[in-house]
Amino acid sequence: MKQQHNCENCPVHHKENLIRLGIAMDRVDYVIALAGNPNTGKSTVFNNLTGLRQHTGNWPGKTVTRAEGGYSFADKRYKVVDLPGTYSLLSTSTDEEVARNFILFGRPDVTVIVVDATRLERNLNLALQILEITDRAVLCLNLMDEARRNHIEIDERALSRELGIPVIPTAARQKEGMPELIAAIEEVASGKFVCKPHKIKSRSLKLNHAIKSLSIKLEQQFPGLPNLNWVALRLLEGDQAIIEAVRTGELGQLKPADFSIPV
Amino acid sequence: MDNKAKSNKEDILSLANSLRWDLGVNFHDTVIESIYNDASKIANKTVRIQGKRPAYSLDLKIDRIVTSPWLGFPIMFLLLALVFWITISGANVPSGLLASLLVDTLHPILKGFAASIGMPWWLDGVLIDGAYLAMAWVIAVMLPPMAIFFPLFTLLEDFGYLPRVAFNMDSLFRKVGAHGKQALTLSMGFGCNAAGVIAARVIDSPRERLIAIITNNFSLCNGRWPTQILIATIFIGGAVPAHLAGLVSAGAVVGIAVLGIGFSLLVSWGLSKSILRGEASAFSLELPPYRPPRILQTLYTSLIDRTIFVLWRAIVFAIPAGILIWLVANVNIGGISLAEHFVQGTAPFAAIFGLNGVILLAYIIAIPANEIVIPTILMLTVLTAGTTGVGEGAGVMFELDSIGDTENLLRAGGWTLLTAINLMLFSLLHNPCSTTIYTIYKETKSLKWTLVSTFLPIALGFIVCFFTTQLWMILMA
Numbered sequence: 513m514k515q516q517h518n519c520e521n522c523p524v525h526h527k528e529n530l531i532r533l534g535i536a537m538d539r540v541d542y543v544i545a546l547a548g549n550p551n552t553g554k555s556t557v558f559n560n561l562t563g564l565r566q567h568t569g570n571w572p573g574k575t576v577t578r579a580e581g582g583y584s585f586a587d588k589r590y591k592v593v594d595l596p597g598t599y600s601l602l603s604t605s606t607d608e609e610v611a612r613n614f615i616l617f618g619r620p621d622v623t624v625i626v627v628d629a630t631r632l633e634r635n636l637n638l639a640l641q642i643l644e645i646t647d648r649a650v651l652c653l654n655l656m657d658e659a660r661r662n663h664i665e666i667d668e669r670a671l672s673r674e675l676g677i678p679v680i681p682t683a684a685r686q687k688e689g690m691p692e693l694i695a696a697i698e699e700v701a702s703g704k705f706v707c708k709p710h711k712i713k714s715r716s717l718k719l720n721h722a723i724k725s726l727s728i729k730l731e732q733q734f735p736g737l738p739n740l741n742w743v744a745l746r747l748l749e750g751d752q753a754i755i756e757a758v759r760t761g762e763l764g765q766l767k768p769a770d771f772s773i774p775v
Numbered sequence: 002m003d004n005k006a007k008s009n010k011e012d013i014l015s016l017a018n019s020l021r022w023d024l025g026v027n028f029h030d031t032v033i034e035s036i037y038n039d040a041s042k043i044a045n046k047t048v049r050i051q052g053k054r055p056a057y058s059l060d061l062k063i064d065r066i067v068t069s070p071w072l073g074f075p076i077m078f079l080l081l082a083l084v085f086w087i088t089i090s091g092a093n094v095p096s097g098l099l100a101s102l103l104v105d106t107l108h109p110i111l112k113g114f115a116a117s118i119g120m121p122w123w124l125d126g127v128l129i130d131g132a133y134l135a136m137a138w139v140i141a142v143m144l145p146p147m148a149i150f151f152p153l154f155t156l157l158e159d160f161g162y163l164p165r166v167a168f169n170m171d172s173l174f175r176k177v178g179a180h181g182k183q184a185l186t187l188s189m190g191f192g193c194n195a196a197g198v199i200a201a202r203v204i205d206s207p208r209e210r211l212i213a214i215i216t217n218n219f220s221l222c223n224g225r226w227p228t229q230i231l232i233a234t235i236f237i238g239g240a241v242p243a244h245l246a247g248l249v250s251a252g253a254v255v256g257i258a259v260l261g262i263g264f265s266l267l268v269s270w271g272l273s274k275s276i277l278r279g280e281a282s283a284f285s286l287e288l289p290p291y292r293p294p295r296i297l298q299t300l301y302t303s304l305i306d307r308t309i310f311v312l313w314r315a316i317v318f319a320i321p322a323g324i325l326i327w328l329v330a331n332v333n334i335g336g337i338s339l340a341e342h343f344v345q346g347t348a349p350f351a352a353i354f355g356l357n358g359v360i361l362l363a364y365i366i367a368i369p370a371n372e373i374v375i376p377t378i379l380m381l382t383v384l385t386a387g388t389t390g391v392g393e394g395a396g397v398m399f400e401l402d403s404i405g406d407t408e409n410l411l412r413a414g415g416w417t418l419l420t421a422i423n424l425m426l427f428s429l430l431h432n433p434c435s436t437t438i439y440t441i442y443k444e445t446k447s448l449k450w451t452l453v454s455t456f457l458p459i460a461l462g463f464i465v466c467f468f469t470t471q472l473w474m475i476l477m478a
């Protein structure tokens, strides 16, 4: 509550600046991906941002395709892509592939990671994997109302420090925290907030060395690839989709602006 | 140049291969472990749970009841029955009001207007007696039950009950060689089969996903609920004392829905033992916390998203169907209409299955949308039964003030309790609507599986109706 008070002094926080564009999305400035575990409220956040009414339901696996919508904030136009919920980026079912391909190849300007505040530890597994791929992300700490009801307290500032990205507590069903989330997305998208995403630390020296030598090779072949280490790790793990992307050269051809991945 | 680039890429892959050998076999596990370690460290630093009360104690208590081996299924059926009972008993009055407004009042006004501007009889017939009346019928018959059923179902969904249904049914699906998540796609199918078919994407294994797609049609979709509810109210409810009618007809509809689940299991079993052989794969299903449903928002979104959406679809299909019905009823060859030719020609065939020619013709006309089956049946019945006094003449969808009138009409058309039971069975077991068939094709990208999904249910429908009729004949003889 205190926080909101302070924010009222800041012009970008005024909700009047938000114009929901629904599905009218010509001429977009930024592409935003909504990722997260199943049933954390991604579609509800999506609806709040875009003014659309993507069907929501309290069961995991409800969103199996990508939904897209848009909003305009502080003179910039944003396209929002609601991805299917996934537990990891390693698996291979159709809905998980949709999510992973979009974050990897679609290269959204900002990935909003929606997590369930009452199950933070398990949700962080996916968040950390996403931070391996992209370095522009915002953590939307959703379902704060349920966390409060269950007496769970989360130190958002410490969490933000650990992850190296903005952390915004929200209760999307009650529309709490949405102005703050929109502002944080703007800051990351425009580069005002520079993320220093957490990278996995508990890895063996040997593995780090293997990743290093492979990513040097990758860098030569695909200069400018933003997530070398992650691609290297996936190659080491024998991920068929990534091996194919290397073999066909698809990995290097995709420019940041190219987000037209077929579902 | 190209060759060099290609060899560079292969170099990368072979380097990855050799490094992988160095890292050893359990390297994948250590990668996962390192992620879990970091996640747990961060969570430990930032999360604090106040007090000793374990989180979600109430949720656990509710789950212990609704997913218990003894109470799980009875509670499921009771909830389902309650939803139908509220729908059936609540929909009658508004249906009557809508019918008297749209059909009794507006239709004569439109007819009068058409006469006053000198509209030719055939145009007036096609537009007002065909298209307008079909649309009016769909609204009167379908809007009230949907406006009650969808919000109730959405409330259950919003509350978090669906995953518990999946949890209860998981063991059944595993036993028949299907994926446990098929319970979720089955539940989605109760809303709309096309949505249920798309929802099958949550199933990883192609074999189990196909089974889920093929059997989704056995979930009664919302286009078929009004048929079930109306016929059960008239014939099943009519066969018992009045004070039990509501309960018994709700029970009959639940019975059909449960039978559908039974067929879903049976066909899944058949498929997984024959053309789609294989073991059921393991999966984990998260039971989400119960969330207090947002009642007003649910009412709003379920009315806008589901009710209006489905109603609009029904109207869009009803208008051309209405025109078609008017035409087949009014275009004559040798003194009798096309419709009567078909109805009389198929009568002996239909009789074997305890149905009649009207029902068969209605199901052909209604392939685009199950929603218009009942209006089509009623209209065709007037024609062939030659009933006078209710309608305004051949090929006109006439006014029926109440369910009682509908009953008189159907009985005059030679309907019996057996016809009603067979119609309910056939409504459960017939080809999916054209939207669903198209969705199946898009999802499977296979003509073969689309054809299987289309013709398997209709074959089953004829078989089941045949045996029901023969059994009835033996018992009643």
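Note that the protein sequences, when read in sequence, are chains A and B. One rule links them: number in this note's numbering = place in the first sequence (from 1) + 512. One rule links them: number in this note's numbering = place in the second sequence (from 1) + 1. Glycine included, C-beta positions come from ideal geometry on N, C-alpha and C.
- Annotation for phenylalanine 264 of chain B: Phe219 place their beta carbon closer than 6 Å to its own, counting only its chain and skipping 5 residues before and after.
- The C-beta distance from proline 620 of chain A to valine 679 of chain A rounds to 18 Å, too long to meet the 8 Å contact threshold.
- Residues of the stretch 179–196 of chain B with a C-beta atom less than 8 Å from some C-beta of chain A are Lys182, Leu185, listed in chain order.
- Between the C-alpha atoms of aspartate 171 of chain B and glycine 73 of chain B there is a straight-line separation of about 12 Å.
- Pairing lysine 711 of chain A with asparagine 27 of chain B, the inter-Cα distance amounts to about 21 Å.
- Counting only residues of its own chain and dropping the five nearest sequence neighbours on each side, glutamine 229 of chain B has a CB closer than 7 Å to the CB of Leu221, Val254, Ile257, Met425, Ser428.
- Taking the Cα positions, leucine 730 of chain A is about 32 Å away from cysteine 652 of chain A.
- For serine 716 of chain A, the chain B residues whose Cβ falls inside 8 Å of its Cβ are Thr31, in order along the chain.
- In the structure shown, valine 139 of chain B falls within a helical segment according to DSSP collapsed to helix, strand and coil.
- Around threonine 470 of chain B, the same chain offers Ile353, Phe354, Gly355, Leu419, Asn423 as residues with beta carbons nearer than 8 Å, after the five sequence neighbours per side are excluded.
- Shown here, valine 48 of chain B sits in a strand according to DSSP, grouped into three states.
- Residues of chain A whose Cβ lies closer than 9 Å to the Cβ of asparagine 169 of chain B do not exist, since the nearest Cβ in that chain is about 14 Å away.
- Taken residue by residue, none of the stretch 244–262 of chain B has a beta-carbon sitting less than 9 Å from a beta-carbon on chain A.
- When Cβ-Cβ separations below 8 Å define contact, glutamate 731 of chain A makes no contact with chain B.
- Chain-ordered listing is empty here: chain A has no CB closer than 8 Å to the CB of valine 453 of chain B, the nearest sitting near 21 Å.
- Only residues of its own chain outside the window of five on either side were considered, and among them Pro289, Pro290, Tyr291, Arg292 have a CB closer than 7 Å to the CB of glycine 161 of chain B, listed in chain order.
- Membership of asparagine 371 of chain B in any alpha helix (DSSP H) is not indicated, and neither H nor E is assigned to it by DSSP.
- The beta-carbon separation of leucine 747 of chain A and leucine 726 of chain A, rounded to 6 Å, stays under the 8 Å limit for a contact.
- Here phenylalanine 468 of chain B is exposed. Its C-beta has fewer than 16 other C-beta atoms within 10 Å.
- Taking the beta carbon of serine 35 of chain B as reference, the chain A residues within 7 Å of it are Ile712, Ser714, Arg715, listed in sequence order.
- The C-alpha of proline 735 of chain A lies about 37 Å from the C-alpha of asparagine 551 of chain A.
- Residue environment: glutamine 641 of chain A is assigned as buried (16 or more neighbouring CB atoms within 10 Å of its CB, all protein chains considered).
- Proline 349 of chain B sits in a helix when the DSSP states are folded into three classes.
- Within the stretch 644–700 of chain A, the complete beta strand (DSSP E) segments of 3 residues or longer fall at 649–654, 664–666, 679–681, listed in chain order.
- The closest CA to that of histidine 431 of chain B, considering only B:Gly261, B:Ala478, B:Thr382, is found on B:Gly261.
- Here aspartate 628 of chain A is bridged, per DSSP, to A:Asn654.
- With a threshold of 8 Å between beta carbons, isoleucine 13 of chain B makes contact with chain A.
- Glutamate 674 of chain A has a beta carbon lying within less than 8 Å of a beta carbon in chain B.
- In terms of Cβ geometry, lysine 724 of chain A and valine 626 of chain A do not form a close pair [threshold 8 Å].
- The contact set of glutamate 749 of chain A on chain B, defined by CB atoms closer than 7 Å, consists of His29, Val32 in chain order.
- A check of alpha carbon separations from arginine 715 of chain A across B:Trp473, B:Leu24, B:Ala421 identifies B:Leu24 as the nearest.
- With a contact defined as Cβ atoms closer than 8 Å, serine 435 of chain B and isoleucine 368 of chain B qualify at about 6 Å.
- As DSSP reads the structure, phenylalanine 168 of chain B sits in no beta bridge.
- Chain-order list of chain A residues neighbouring aspartate 23 of chain B: Lys718, Ala722, by C-beta distance under 8 Å.
- Within 9 Å of the CB of lysine 62 of chain B, no CB atom of chain A is found; the nearest one sits about 14 Å away.
- By the Cβ rule, the stretch 33–51 of chain B does not count as touching the stretch 130–138 of chain B, because fewer than three pairs are nearer than 8 Å.
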